[in-house]
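There are 2 protein chains.
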Amino acid sequence: MGYDDRRLEVAQAAWRVIIREGLDRTSMRAIAQELGSSTGVVTHYFRDKEELILFALEQVVESTLEAMRACAKRQQGIERLEQMIAAALPLEDSDRDDWKVWIAFLGYSIGRDRLIQQHQKRYDRIRQILYQELANLQATKLIRADLDLTLEANALITLVDGIGTGVVICPEQFSAEQQRYLVHQHIHALQA
Amino acid sequence: MGYDDRRLEVAQAAWRVIIREGLDRTSMRAIAQELGSSTGVVTHYFRDKEELILFALEQVVESTLEAMRACAKRQQGIERLEQMIAAALPLEDSDRDDWKVWIAFLGYSIGRDRLIQQHQKRYDRIRQILYQELANLQATKLIRADLDLTLEANALITLVDGIGTGVVICPEQFSAEQQRYLVHQHIHALQA
DNA sequence: CTCACATCATAACAGTTGTTATGTTATTCA
DNA sequence: TGAATAACATAACAACTGTTATGATGTGAG
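Residue numbers (my numbering), protein chains in the order written: chain A, 1 to 192; chain B, 1001 to 1192.
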């Protein structure tokens, strides 16, 4: 097992503690205990706590983006956009943990300008991906020509964000079918 | 100045620290300093830190619900629903602080089941209010008859939540007009 | 073998945390 | 006036925090 693998294990331990105990209770010692070792391991693979926390979040973000890209390759047209959005949703119970980490980190970022700026960059990336997708659909006349694509990309982000937080708080209110319905309803309104 | 007024002042001091420093850095001492007094004041008016934090959040929630109710009395029909939703949005810069507290608290609740349950109750209240509103509109045939009102109430909540978090992270991406447009677009799709 | 380095454990550091107890001062009321 | 209570200050408490230094163990290369 190489360096990067071990480093990932530490991050995953942190990941589990965040979900179970909350981000502000995720101490170096708690992570080490979750990993079944001492804090020496944690400090060996990460300079700071900040570096560790940031890395753990980045894993979540990248895996979701990867899932979106995977959908993009398998589908076409309106269907493709719909599946890409769906890939970011907590459709299954296991996906909910990713959203817990995301929301925990979002709240943690309030009052920390550096973290907020990093979030902005993440949103920029997603917005760009969605913009591209919408531009393709508009070029092929599958969605209305009068749409402000940047605005609509933001609208899709808010849709995903809203559903994500909704599911974390009230899971019983958002079944997978209901989530899909909300996305379908939204995208349907964009069609030409 | 009475007891409740002073108690509110303490909560507002906490409120400011949360926005400026973040919820996990909002210590008793930081609140006292923000208030310009000692921690004796804080402990005098609040049993716990938890009681204080919860009270501060409740102020935000109640003021938003009050703003929604105020809109409900001044308007009618579809316009009324639209204004009620708008009342919960961070249309002006000053409203953003409320959303910062809300999001900070949301993230803080991850891993704390008791807080999550309280959030569920808050969502239940809002969902009920919106359900009532939607039921009225459906009875007067202003929105489609085939709509699942509970689902649509949830959809409105996700819309507001999504915009709120979007504004906190990327304020420049969501002007007041754009926020109103998103709400208008969403509600328009419900019309009969 | 041996030296270097990666991996991890242990312990100590100074700082911060919420809570509590004990003061001190002001206000109210009989 | 005096006694009681509200309103605050101060200080101490143990528990916990991230960080750092130092030591131990293994492992692989020359």
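We put the beta carbon where it would ideally sit given N, CA and C, even for glycine.
Quick caveat, the model's predicted, so the values are computed rather than measured.
| Query | Result |
| --- | --- |
| For D24 of chain A, would you say it is in contact with chain B, using Cβ-to-Cβ distances shorter than 9 Å as the test? | yes |
| The segment 1139-1171 of chain B: which residues have C-beta closer than 7 Å to a C-beta of chain A, in chain order? | L1151, N1154, A1155, I1157, T1158, L1159, D1161, G1162, I1163, T1165, G1166, I1169 and C1170 |
| Exposed or buried, which one is T64 of chain A when buried takes at least 16 other CB atoms within 10 Å? | buried |
| Sorted by chain position, which residues of the same chain lie with C-beta nearer than 8 Å to R1029 of chain B's C-beta, five sequence neighbours on each side aside? | T1039 |
| How would you call S1175 of chain B, buried or exposed, if buried means at least 16 neighbouring beta carbons within 10 angstroms? | exposed |
| Which residue spans inside the segment 1002-1027 of chain B form an unbroken alpha helix (DSSP H) run of at least 4? | 1003-1021 |
| With DSSP run on the structure shown, which of helix, strand or coil describes Q118 of chain A? | helix |
| Can you give the Cα-Cα distance for E1062 of chain B and L1081 of chain B, rounded to whole angstroms? | 18 Å |
| Tell me the DSSP bridge mates of Q191 of chain A? | A:I143 |
| For the alpha helix (DSSP H) that contains C1071 of chain B, what are its first and last residues? | K1049 to R1074 |
| Might you give, ordered along the chain, the residues of its own chain that have their beta carbon closer than 7 Å to the beta carbon of K49 of chain A, omitting 5 neighbours on each side? | M28 |
| Hey, K100 of chain A and I19 of chain A: beta-carbon distance below 9 Å or not? | yes |
| Report back the beta-carbon spacing between V60 of chain A and E34 of chain A to the nearest angstrom; my notes put them in contact at under 8 Å. | Rounded, the Cβ-Cβ distance is 17 Å, inconsistent with contact. |
| How would you list, in chain order, the residues of chain B whose beta-carbon sits under 7 Å from the beta-carbon of E21 of chain A? | G1111 |
| Pop quiz: R25 of chain A and G1107 of chain B are said to be a contact at Cβ under 8 Å. What is the actual Cβ separation, rounded to whole angstroms? | Rounded, the Cβ-Cβ distance is 12 Å, inconsistent with contact. |
| In whole angstroms, what is the alpha-carbon distance linking Y181 of chain A and R1006 of chain B? | 48 Å |
| Taking 9 Å as the cut-off, decide whether the C-beta atoms of Q1075 of chain B and L1142 of chain B are in contact. | no |
| How many angstroms separate the CA atom of H1184 of chain B from the CA atom of I103 of chain A? | 27 Å |
| Would you call the CB atoms of I1053 of chain B and F1105 of chain B closer than 9 Å? | yes |
| Rounded to whole angstroms, what's the CA-CA distance from R96 of chain A to K1121 of chain B? Just pull it up for me. | 20 Å |
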